[in-house]
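Protein chains in written order, with our numbering: chain C, 685 to 1443; chain V, 685 to 1443. For glycine and all other residues, C-beta sits at the position ideal for the given N, C-alpha and C. I have placed the structure first, in the form of structure tokens, so that the comments after it can refer back to it.
There are 2 protein chains.
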Amino acid sequence: MIEPIGNQYVVARPVYSANAFGEEHKKKLRHHKTLLDHLKVCCSCSTQKAKRIALSLLPIASWLPAYKVKEWLLSDIVSGISTGLVAVLQGLAFALLANVPPRYGLYAAFFPLLIYFFLGTSRHISVGPFPVLSMMVGAVVARVASEDSVSVDTSNSSLSSNDSLLEERQIMVATTVTVLTGLIQLVLGVLRFGFVVVYLSESLISAFTTAAAVHVLVSQLKFMLQLTVPSFTDPFSIFKVLQSVFSQIEKTNIADLVTSLIILFIVFVFKEINQRYKTKLPVPIPIELIMTVIATGVSYGFDFEHRFNVSVVGEMRSGFEPPTTPDMQIFQDTIGDCFSIAIVGFSVAFSVASVYSLKYDYPLDGSQELIALGLCNIFTGSFRGFAGSTALSRSGVQESTGGKTQVAGLLSAVILLIVVVAIGFLLEPLQRSVLAALALGNLKGMLMQFAEVGRLWRKDKYDCLIWIMTFIFAIVLGLGLGLAASVGFQLLTIVFRTQFPKCSTLANIGRSNIYKNKKDYSDMYEPEGVKIFRCPSPIYFANINFFKQKLIDAVGFSPLRILRKRNKALKKIRKLQKQGLLQVTPKGFICTADGLKDSDEELDNNHIEELDQPINTADLPFQIDWNADLPLNIAVPRISLHSLILDFSAVSFLDVSSMRGLKTILQEFVRIQVDVYIVGTDDDFIEKLARCEFFDNEVKDSIFFLTIHDAVLHILMKKDYSTSKSYSSQEKEMKFDFTINTNGGLRYRECQVPVETKF
Amino acid sequence: MIEPIGNQYVVARPVYSANAFGEEHKKKLRHHKTLLDHLKVCCSCSTQKAKRIALSLLPIASWLPAYKVKEWLLSDIVSGISTGLVAVLQGLAFALLANVPPRYGLYAAFFPLLIYFFLGTSRHISVGPFPVLSMMVGAVVARVASEDSVSVDTSNSSLSSNDSLLEERQIMVATTVTVLTGLIQLVLGVLRFGFVVVYLSESLISAFTTAAAVHVLVSQLKFMLQLTVPSFTDPFSIFKVLQSVFSQIEKTNIADLVTSLIILFIVFVFKEINQRYKTKLPVPIPIELIMTVIATGVSYGFDFEHRFNVSVVGEMRSGFEPPTTPDMQIFQDTIGDCFSIAIVGFSVAFSVASVYSLKYDYPLDGSQELIALGLCNIFTGSFRGFAGSTALSRSGVQESTGGKTQVAGLLSAVILLIVVVAIGFLLEPLQRSVLAALALGNLKGMLMQFAEVGRLWRKDKYDCLIWIMTFIFAIVLGLGLGLAASVGFQLLTIVFRTQFPKCSTLANIGRSNIYKNKKDYSDMYEPEGVKIFRCPSPIYFANINFFKQKLIDAVGFSPLRILRKRNKALKKIRKLQKQGLLQVTPKGFICTADGLKDSDEELDNNHIEELDQPINTADLPFQIDWNADLPLNIAVPRISLHSLILDFSAVSFLDVSSMRGLKTILQEFVRIQVDVYIVGTDDDFIEKLARCEFFDNEVKDSIFFLTIHDAVLHILMKKDYSTSKSYSSQEKEMKFDFTINTNGGLRYRECQVPVETKF
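This is the structure:
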């Protein structure tokens, strides 16, 4: 029990070095889990574990039996129908992005819902086409289908729907890419790679989705203006598309442009109303649905297709088409793209799902999501759909209209089924530009994220940099490569953040046990000859030299230089002494020869390594006080430092490179008789150093102290003690002293004769 | 002054929160340098600065005037001659690797020495051909020269020296690549990109050079066995070469194999002798030189070329060839390769140079080295040499034979000049396999670095992983791409190291101000209801969720769950109270209705966000003690925690993602009435949080305390104080109490009536 005494911090205990503390308080023997233990746990078998794994692979088995029919079913039905209607429109719109005829968008929307119902762990996302993924698929389709196409007119491949051979080829590429994407996701999921989502920071996701929105915006331009723009491959595709659009801007179909602008305006206005009166409206106005019905009616009534030559949805064959086998050759050509699509699709789905899982507090399983999405895509691809994930807007509809579980998803599928098999033909006169406008209507929120940049700049420069670089990468390199580059850059910022630590010199404040940056406060106390140096970050290969430099700057000299100077001086002294040229007088030394010049050359020829060795004065009959005057012609810089305390409380790890570097500099300090203390580390740290053979008879494991104050007290005591001891011994042996050690730098060491002789 | 009292740590001071400390000790206003200030310093002009820059661009201007002719010249001459002889042999040998005729190796060795003499900052490295770089150049030569070659027989391009057109083409590619490499290095140097070398850790360099040695070993096989192996491009080139070698192993030229094995054996033996009697030998036995002379003589005397059909060095035209203009078309095809060559070349040269600069204590300038190497390569390329850096073995010779400055390099150049213009023809009968054997003789040291793996495994798993992965990358992907992948992987390990911090729960040990991991010691004291949680690494996007999970594990419950349960319970209580169904009795509550079931459904329909809001009981006439019994049917988990201390002394930074995450979890704790304290941070940390609007009226900036002990004392005092205060108020107002608060969870709050009513 600790008894608080008023508002006072009162402590009295022994000064602890790590060793002293360890002796007083024995550490419990604790078995730390090794890699092997983790593997064992991972590979162990039990009925319970098997059951858990089986359940985790089939999430429906846990949530469906607990389904509250009375309470949830109605909400799910309402939500399912609303979401289903949105899914129809989005399916049609996004199919255009994927460079396939609109009806395939309905297949792409339908099949994933069935699979995800059984395998998904999120209860609120609506799986299916996602504009960015559709675009990525579209780019691959354009590249591969046009390359191998029999038709030479490949530039307007997405619109030449008459060319059934090309269309067949496009579908084949799209489905193959989808299946391969699914396979990659499945494999990653089985290998439990779902954890990679932790590498997507908020800033990165924000910038990435903004860039995706810009990509979608640009991609829809051709439908709004009714231009034939070829699909370009990354990088720089966005600029190529823009160039193509503006180079043929005079060909714009005015009817399409006007229709889409009107639709866009109305959608924006109603979305604003939905937003503003969110609390008052029982259910958001389904403006997309209303506009679709109106637009279809108007287009049909006034025969827009033939009167204004607008492009319409066109033929909607009812029913499904038979499944296909993917083309192995295309697998090889597109594996890189599929990898990007797989990762982007998963990242988007997971980030949306995690928003809802946080909101409604249920667990998500990243790897299971990968498996579910993978199987969705494999299944969808086999039935001529294209790769999907989740669209933010559609999931928003599913959740906001009261969806409770994936039963809502199943009901959306029913709506899609009805459209596909029965009433799809009704949508035939709908303008494609209307679909494009409806897709754009949902981008406002994402594009508004530009405001984030300013906010991040004020908060954290590195995060701001991540945002900007991610945006640039995703725009310039395309989404797949851009995501990879962004994640790489983002990880690099973690290195940057630790690479240039703000090292500081600490001093005592308030004469108690508080140590703060010397520059920050006035009236600090720094014990004489003691430096307290704090490094506030891990030390590793990339910053060990920076650390060394900062340390040298802080103490004011390079220990290596001092060591060398001293060793050189020692050689000279030894030589002089041998030659008998050194006379020790009460006032210091007199060098009776001017033979020092010649010895200079000889010293230069010595291997310089010798000068880096510890100073060995054992063979000399006297001690050398390096801070006193030395014999004529021998100059060694004086240093006042006798103790150096390194505050390592924030040094969370050292690597092998930094350990070697640290040891070198510690050795150098020890060799010039500066005591080094390391404080604030935890026990693991010391153990690791011991394991790495960090300690020897120069750098000892007794240098660790619990806190700065412990080390400072230890130093003060030691200096006090040694001074008083030397005083007392001086007093005791005063009778033997025959010269006074005033400014002479040498002092005779104890010889065999029991007389301590001092000069 | 702090007075040490024996070996005692005695402190008495007030308990400090960060705010209290800040009030007592005013911080100095200190101008922190902004980016703008740094830029200003960087762009400012002065005569001194201009002079310094000029000097740094022409290092010779500083060291040559200080040249000590009498002392250094002799050493430099000896060293220069030895190094020059080695350079001749290595030049010939490495030219084979570069897929160009041997004599070009002499040019490649000669020209860099001239430039580096003027521009280099290292005094000991011997610039010129380096086997790994030569191989990289060779791979490009093979690819580009064979692709565009007029000859169809491209597979044995390196040996078909009769085909002068192909040879011309090869030289053109090699020189163009060299010039482009030099340009890249020059640009990087001018842009001051020399700092990138800090990203090469010791483990990485060790593994990379080992892999390079393996590459060299494999590349020399074809010369030793005298097989015609085509050059393959990365990745997987090494396996392709091995496959090619073993598929035609029966074509081995036995004479070449035997010669090279004998040479290899003798070289190894003598190198061992040199090593063992290093101290006794005045100068290492120049075994390579001796063997060359012998081998040349034997080959000439017995006419090996025609008798055994061995491949010899062949025609050595004396004199230099005229300079060439690089081919711009090749620039485009090879820019990626050139980038790798530039980086690898610089990395190797700098890492070797830094070994000597450390040894002899003189400064190196990374960017100036880049400029020097860049100009060396541009110059060399223009005169038909190929890209160079420094060979470890040759630099070793230059330093160990006493070289003091680059004057030695200049003298090596003279030796090369003599060979090129006069005595080169003497080398014509030398077998190429002898050159290969001599090149292999120097690889032992590098290959021995495999032993590093075991040592690193014991020291640091991550460093061991870096070694292994770098080796694999460099072998499989080739040196250029492999280096990039390794650096990327290495940076990733820095993220890994911080991503899964070993969070721990601390407790007091020895009843003083020492707090250690609770699991490590017995006899710890943990104040009741207080958790002390330590996170020993920075917190950022990749580990914020890990941190949250560990924190929840440590406290034993999820604060969000508790908050929701309490809010749900509160709704029920409020409803019951409204309906008048709640009777408060001395023993607790009696709920007179069983109408709770119906309310369940209603609650479910409520937006779940409401349940995450702070608990607002202001409108209730009583307080709720959540840890006491609540009315019938209302169950809320009890928690004993009232204070949570987060030890953030090793949290060196937070990013925006982690700040948001941290704030969320702190809010959740605050909302369930757990006081949170953060200790051990420095002032910058708090300032940054304030700047990021981290604080509001739930998470206040008064949560910061200087140390764990300060926070613990504060908590103990507060609890003590509040208990005693409530006791005293109870005592004072005892007369108003008419029921005793035994186990009832509700307690009437102070109403308008001055009677505190307790149930």
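Have a look at residue i and residue j and give me their C-alpha separation to the nearest angstrom.
| i | j | result |
| --- | --- | --- |
| C:LYS964 | C:ARG1078 | 22 Å |
| V:GLN1090 | V:ILE957 | 29 Å |
| C:ARG1375 | V:LYS1143 | 6 Å |
| C:THR980 | C:VAL996 | 10 Å |
| C:MET1401 | V:GLY1194 | 22 Å |
| V:VAL902 | C:ASP1049 | 47 Å |
| C:HIS1398 | C:ILE1370 | 19 Å |
| V:THR1301 | V:ARG1258 | 9 Å |
| C:LEU1247 | C:ILE1299 | 8 Å |
| V:VAL699 | V:ILE1387 | 13 Å |
| V:ILE1318 | C:SER763 | 32 Å |
| V:LEU1254 | V:ARG1355 | 13 Å |
| V:ASP1237 | V:ILE1349 | 13 Å |
| C:SER1196 | C:ARG697 | 14 Å |
| C:PHE1353 | C:SER1342 | 16 Å |
Considering just the uninterrupted stretch of the beta strand (DSSP E) at residue i, what are its terminal residues?
| i | result |
| --- | --- |
| V:ILE809 | Taken as a continuous stretch (DSSP letters only), V:ILE809 belongs to no beta strand (DSSP E), as it is neither H nor E. |
| C:ALA1191 | 1188 to 1193 |
| C:ALA696 | 692 to 698 |
| C:ASN1251 | Segment 1243 to 1262 is the alpha helix (DSSP H) holding C:ASN1251; no beta strand (DSSP E) there. |
| C:ILE1356 | That residue, C:ILE1356, is in no beta strand (DSSP E); it is neither H nor E in DSSP. |
| C:LYS1200 | 1198 to 1201 |
| V:VAL1214 | 1214 to 1218 |
| C:LEU1330 | 1327 to 1331 |
Roughly how far, in whole angstroms, is the beta-carbon of residue i from the beta-carbon of residue j, given that I think they are within contact range, below 8 Å?
| i | j | result |
| --- | --- | --- |
| V:ALA1120 | V:GLN904 | 4 Å |
| V:GLY1029 | V:PRO813 | Wrong, their Cβ atoms sit about 10 Å apart, outside the cutoff. |
| C:TRP1151 | C:ALA897 | Their Cβ separation, rounded to whole angstroms, is 14 Å, which puts C:TRP1151 and C:ALA897 out of contact at 8 Å. |
| V:GLN910 | V:VAL982 | Not quite, the Cβ-Cβ distance comes to about 17 Å (not below 8 Å), so this is no contact. |
| V:THR767 | V:GLN1082 | 4 Å |
According to the Cβ coordinates, are residue i and residue j closer than 8 Å?
| i | j | result |
| --- | --- | --- |
| C:LEU797 | C:PRO786 | no |
| V:ASP940 | V:GLN1174 | no |
| V:PHE1034 | V:VAL881 | yes |
| V:PHE802 | V:LEU884 | no |
| V:LEU1328 | V:VAL1363 | no |
| V:VAL1360 | V:ARG1250 | no |
| V:SER1031 | V:MET820 | no |
| C:LEU945 | V:VAL1340 | no |
| C:LEU1054 | C:ILE799 | no |
| V:PHE1217 | V:LEU1244 | no |
| V:SER818 | V:ALA771 | no |
In the DSSP assignment, find the unbroken alpha helix (DSSP H) run with residue i in it and report its ends.
| i | result |
| --- | --- |
| C:VAL1039 | 1012 to 1044 |
| C:LEU780 | 753 to 781 |
| C:ASP1147 | 1145 to 1160 |
Given 7 Å as the limit, tell me if residue i has its C-beta closer than that to any heavy atom belonging to the ligand ZN.
| i | result |
| --- | --- |
| V:ALA1226 | Questions concerning the ligand ZN fall outside what the structure shown contains, since it holds no ligand whatsoever. |
Would you call the segment 1196 to 1213 of chain V in contact with the segment 1165 to 1177 of chain V, where contact means no fewer than 3 C-beta pairs closer than 8 Å? no
Contact the segment 1173 to 1193 of chain C vs the segment 1223 to 1241 of chain C: 3+ CB pairs below 8 Å: yes
When the Cβ atoms of the segment 865 to 875 of chain C are set against those of the segment 1096 to 1104 of chain C, are three or more pairs found closer than 8 Å? no
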